[in-house]
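Residue numbers (our numbering): 1 to 1125.
What follows is one structure encoded as structure tokens, with my remarks underneath.
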Amino acid sequence: MKGRFALLVVLAVVAVGVAYWQPWVDDVAVVDVETDRAIAEVVSVRTLTEEITVRGELRRDELQLINSAVDGKISDVLVEDGDTVQPGDVLFALQGRRAVAVNGDFAFYRRLDVGSEGPDVHQLETILSEGGYEVGVVDDYFTEDTRAGLAAWQADYDYGAATAEVDEVVTISLGNGPGYGVGARNTATLEIRAVPGDDDEPAQASTTTTAPSISVPTTTLAPLDEEVVLLADFAWNERSDRVRVLQEILGLAPDGAYGPSTRAAHLAANRARGLSPESIPWAFGASTASVVVTEAGSAATFAAVLGAAPATDVVLSATSADAGEFAVSPATLTFGPENWSTEQVVTVTGVDDRLLDGEQTGNVVLSVVDDASDNAFDGALDVTVGVTTTDDDVAGFAVSEASAAVTEVGSTATFTAVLEARPATDVVLGVSSPDTGEATVSASTLTFTPDNWSTAQTVTVAGVDDEVADGNQSSSVVVTVMDASSDDDFDALGDRAVRVTTIDDESAGFTLWTTAVAVGEDGTSDTFTVVLNRAPATDVVVALSSADTGEATVSPATLTFTATDWSTPQTATVSGVDDSVVDGEQGVAITVAVDDAGSDDAFDPLPDQTVTVGVGDDDVAEAADDGPAGPAATIPSITVEASASTISEGDQVTFTFTAQPVPEDDLIVDVTVGGEVTVDDDFTEVEDSVLFAAGTGVAELVVTTLLDDDLEPDEDLDVTITQLFGDNPRYNVGGRSEATVTVTDPNVPDLPVLILRADTDSVGENGNATFTVETQIEVVEDVDVYFVVGGTVTLDEDYSEPPEFVTLTTGNDEVGIDVGLRSDDLVEVDEFLTVTLVPDPRHLPGFVDRAYALGDTVSATVTVESDDLPELTLRGGGVIMEGETGSVTIVADQAPEVDTSVVYNAYGSATEGVDYEVLTGTALMESGQTTLEIPIRAIDDDVVFEPADMIVADWPARVGTVWVDEGEFVLQGNNVMNLTEPDFTIKIFASPSERAKLSVGQEVTVNLDAGDQESPGVITELDDSASTGGGSETYEGVVEATEELLAVDGAVVTMDVIVDEAVDAVVVPIAAVLSDGGDARVRVVNPDGTIERRAIETGMLDGAYVEIESGVSPGEYVILEIDRN
């Protein structure tokens, strides 16, 4: 591998040379020219490498472990270790069912049948569809189409069929509902046969008006001649010789007991011969087929009773099939040998679900609790009672705040919006600020879905700096339903508004966000906040002080605002003080003032502001003693009067309050502003108290009314002094406790303004539609009020023509309008009758002599409800085979005028979802339709899918190890076989020192001792974490070889890896390098024959050579050794 040494023997034959020859080991020694020789080698240039050898192993990685999906016996193992399996190959049989290799995403884990739903159904349908088997729509639902495709697949793989079932029946009965009546023929029965019988003619539909009794399976019938035996009255679980005779006639094992199987065959025999089944007793039944409840909590009841006396107790469970719509009580009914024939009541109560889901239907299921009941009743089938739940939920939405405050520097406030009922589709709320120059909103829309409808969404309101000294401004943020993007049920909802106050920052000022608080002598506290209106040049100090610290204190004493935090509200806390005096509720003023000496001069002129504090008394007066009474404190008496008795909309009025005697301390008087006026619509909101400053006997309250364009009557604005109660009130109410001002509308003419209302929302066809004309003032002379009639009603068919006008007589302010209705026998939709007031044709609008004016509401509508409903009956039924579709037909004696939802129930020995496809329980009879078919598709339930029928993997794949043998019994989850990669993976096992020298992408030489094989390769993977075993750490990796290696799993390999390389390196033999006091040196032969000891820097080491990084040059000679012999 290395180059040959170039040896140079230097002979010391020249005397002068001997003089300069000085061996390294002894500086004073000289060379014996007769005997000493030096062995040297030239300094050369070559490439050095560092190589390590790492151990490894050949493996096939496991791709998948196949476990048993069910318990069972293994047979017909058709694969061996090392086999390659293709999709569609049979691997083995489990419980006699073949396990077929299929491609998919996950292993099957459950039995699938009609009615199953989920991703495993979707995978099964995908596999069948891609295999050419028709399954209908590929989705998550196992339908009869799915079963048909599965049946064809199983036939191709020679699956056996399931055991055939006995014949079964399903009975359809009509339930009560709005918009129709139920006739006498309200049931129809369809028989589902497992195998064709001797007579496949359709059976006559069974109809009855009685409550349905429990239905049972039928059996294959033997010839019958003894009609008397068949019609005999047998008791449930009767044991007698005549039962044994009946069983022999029916071809049953004659055990003499009239149980479920005997009763089933008996019932079928009577039905097949057209004989009445009424004589055959039923195990238990219900008094009605259906009930109706409401989400408002209304309840309905039905009764349950046994059909025969039991030997021991029989317990029936009553269960709600949809507890989210209705509840059932009691949960169980117990019948004994003594009370078996006594009806027991079951109560069904509607449940409010807050969903806009309309009318819902479901069932109450009555079942025998086998473990707690007479064994003779264990075979009885369930009885169902249909339940219709009417919806009471109303669309709506709410906002969390009525008002908010922001500043022009951009401070924010938030409120939330949320729906009050779950919508069927999305609801989009629009959020807008009408005055974006004062306030903006963070989101223009809020979208609520059926999933997040009850989660409040937040709107952020931000103040806008308008650079105008306009003072604090009020505006409203409006939240409205966006009709085009929303559930129609929410379209009619009115807007919601949040009043926003924007605090001005262009002029010096400060704002109190609360001006009245309440505390108690028990130490309870309240807070208010202070904020500046604009940024100051220097600090602003706001001083807080209480006018009566014996009643209330405020902290802190000062609030300091800087140029950086001026817009952040600061909180002051007011606390009550216990004074041990029975003094009743006291009023205290908290003064908020700018501290001129410590504040920006621009804020010095600002007037003080006051926060009124109500202090609740917690002291109780002690019982009086016999001593002389002291002087009684004089309590001020408060009266009020208004500055005017009548004002117009838009004017201000001042209410003046007078205190006698003049209060010595600050006095807060509670007032109420109300009457016929409405805050924010008719007047601007004011405080609910006034303050008498100490020593002042007069206080004022100014109310500003609002001008609008609505035509309104005069309204009273009342201001009332609130009466206080207790032993020591802080004031008394004087003789003038209330002042009233009449607010007139300048837009109202000097004429009676008429409005119209309907007296009722609806009326029947045989009644009268009545309306009332009203005016706000009594008329001073008779007024003829004219009106017209319209709507969807027809004159002379639906109503009789009324007079042209009615007379509002002198001294009255209302008069009625009466429209007579006409009844008919037609089924028709509800109609609408509308009355509209019109101007007096003798006094047309625009003339000064018109008799009356029309107000906002001049039309009113009454719904005319049709008294006639279509009557529904059922017909049809018959016999069908499994997999076929039959039907029953709903027949209406008259076509409904509107689309009508018809409720029906299904019961019988056939099980919904197992023997026939699930029915909705409702059917839509469209307007004008007189017949409606309910299809019933029987299920061919002999074909099912077991999870072990298909083995899902990424086929084709190699079988690694088969762990089971034929005839072996395995449990669910046991290992059956595994699948491995078809090709070997070369694994690296490196020590920590080796791992430090390895990296992905390094080239290696793979050596396999077996067969003396060798292949180049590349490292493709390396672990960064070590595994520990046997006390040592090992790092694993993967090498990809370029040539195939023939071996078995686990074969040992070694890999040579070049981990370092120095190209064109200056090298010397390692023997030439000596250690001199820790330094590396070489002995260089100079051209003049002298030997020079020279320091060097060494680099990479490769076998016998070492890299010289500095100290010598190529071509020079270095001494390897000196031979003195």
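We put the CB at the ideal spot given by N, CA and C, even for glycine.
Just so we're clear, the structure is a prediction, and the values are computed from it rather than from any experiment.
Inter-stretch contact (C-beta, 8 Å, three-pair minimum) for the segment 972-982 and the segment 1024-1036 = Taking a cut-off of 8 Å on C-beta distances, the segment 972-982 does not touch the segment 1024-1036, as fewer than three cross pairs fall below it.
Between 1077, 985, 1034 and 952, which lies nearest to residue 87 when the distance is taken from Cα to Cα?
-> Comparing Cα-Cα distances from residue 87 to each of 1077, 985, 1034 and 952, the minimum goes to 952.
Local conformation of residue 603 per DSSP, three classes | It is helical.
Count the other C-beta atoms from every protein chain shown that fall within 10 angstroms of the C-beta of residue 513, then say buried if there are 16 or more, exposed otherwise.
-> The C-beta of residue 513 has fewer than 16 other C-beta atoms within 10 Å across all chains shown, which makes the residue exposed.
Find out if the Cβ-Cβ distance for the pair residue 611, residue 540 is shorter than 9 Å.
-> Not closer than 9 Å, so no.
Using DSSP with H/G/I as helix, E/B as strand and the rest coil, what is residue 131?
-> For residue 131, the three-state secondary structure derived from DSSP is coil.
Measuring CA to CA, which of 1117, 383 and 1022 is closest to residue 1088?
-> Nearest of 1117, 383 and 1022 to residue 1088, Cα basis: 1117.
Does DSSP put residue 570 in a helix, a strand or coil?
-> Strand at residue 570.
Does DSSP classify residue 757 as helix, strand or coil?
-> Assigned with DSSP and collapsed to three states, residue 757 falls in strand.
Any idea if residue 564 is buried or exposed, counting beta-carbon neighbours within 10 angstroms, 16 or more meaning buried?
-> By the 16-neighbour rule on beta-carbons within 10 angstroms, residue 564 is exposed.
Quick one: what's got a C-beta closer than 7 Å to residue 781's C-beta in the same chain, skipping five residues either side?
-> Only 810 meet the Cβ criterion.
Going straight from the alpha carbon of residue 89 to that of residue 909, what length do you get?
-> Straight across, the Cα-Cα distance linking residue 89 with residue 909 is about 41 Å.
Going by DSSP, which residues form a beta bridge with residue 716?
-> DSSP output for residue 716 lists 742 as bridge partner(s).
Secondary structure of residue 296, DSSP reduced to three states = Coil.
List the whole-angstrom C-beta distance separating residue 314 from residue 397, where the pair is believed to meet the contact cut-off of C-beta under 8 Å.
-> The distance from the Cβ of residue 314 to that of residue 397 is about 52 Å, inconsistent with a contact at the 8 Å cut-off.
Of the residues 462, 291, 1007 and 1121, which one's Cα is nearest the Cα of residue 1017?
-> Out of 462, 291, 1007 and 1121, 1007 has the C-alpha closest to the C-alpha of residue 1017.
For the beta strand (DSSP E) that residue 446 lies in, which residues bound it at each end?
-> Looking at the DSSP string, the run of the beta strand (DSSP E) that includes residue 446 is 445-448.
DSSP puts residue 1056 in a beta bridge; with which residues?
-> BP columns for residue 1056 point to 53 and 1005.
Tell me where the beta strand (DSSP E) around residue 1102 begins and ends.
-> Counting along the chain, the beta strand (DSSP E) containing residue 1102 begins and ends at 1097-1102.
Hey, how far is the Cα of residue 904 from the Cα of residue 288?
-> Approximately 13 Å, taken between the alpha carbons.
Hey, is the segment 544-560 in contact with the segment 637-647, meaning 3+ C-beta pairs nearer than 8 Å?
-> No: fewer than three Cβ pairs fall under 8 Å.
Residue 327, DSSP secondary structure in three states | Here residue 327 sits in strand by DSSP.
Got a sec, what are the start and stop residues for the alpha helix (DSSP H) residue 243 sits in?
-> It spans 241-250 - the alpha helix (DSSP H) in which residue 243 sits, taken as one unbroken run.
Comparing alpha-carbon positions, which option in 918, 573 and 683 lies nearest residue 652?
-> When C-alpha distances from residue 652 are compared across 918, 573 and 683, the shortest belongs to 683.
Determine, using beta carbons only, whether residue 1082 and residue 1093 come nearer to each other than 9 Å.
-> Their beta carbons are under 9 Å apart, which means residue 1082 touches residue 1093 by this criterion.
Residue 82 versus residue 138: straight-line alpha-carbon distance, rounded | Here the alpha carbons of residue 138 and residue 82 stand approximately 35 Å from one another.
Is residue 552 near residue 576, with beta carbons less than 9 Å apart?
-> Going by C-beta atoms, residue 552 is nearer than 9 Å to residue 576.
Apart from the five residues on each side of it in sequence, which residues of its chain come closer than 8 Å, Cβ to Cβ, to residue 159?
-> So the list reads 97, 98 and 949, once near-sequence residues are dropped.
Do residue 946 and residue 76 have their C-beta atoms closer together than 9 Å?
-> No Cβ-Cβ contact shorter than 9 Å links residue 946 with residue 76.
Among 415, 440, 487 and 340, nearest to residue 447 - alpha-carbon criterion = Considering only 415, 440, 487 and 340, the residue with the shortest C-alpha distance to residue 447 is 487.
Might you give, ordered along the chain, the residues of its own chain that have their beta carbon closer than 6 Å to the beta carbon of residue 26, omitting 5 neighbours on each side?
-> In this predicted model, residue 26 has a pLDDT of only 40, less than 50, meaning its place in the structure is not dependable enough to derive any value.
Rounded to the nearest angstrom, how far is the Cβ of residue 414 from that of residue 456, given a contact under 8 Å?
-> About 11 Å; that fails the 8 Å criterion.
Would you list the one or two residues that DSSP bridges to residue 817?
-> Bridge partners of residue 817: 771.
Per-residue DSSP class, three states only, for residue 490 | Taken through DSSP and simplified to helix, strand or coil, residue 490 comes out as helix.
Boundaries (first-last residue) of the alpha helix (DSSP H) holding residue 145 | Its alpha helix (DSSP H) spans residues 144-156.
DSSP state of residue 725, grouped into three classes?
-> Looking at residue 725 - three-state DSSP - the assignment turns out to be coil, as it is neither helix nor strand.
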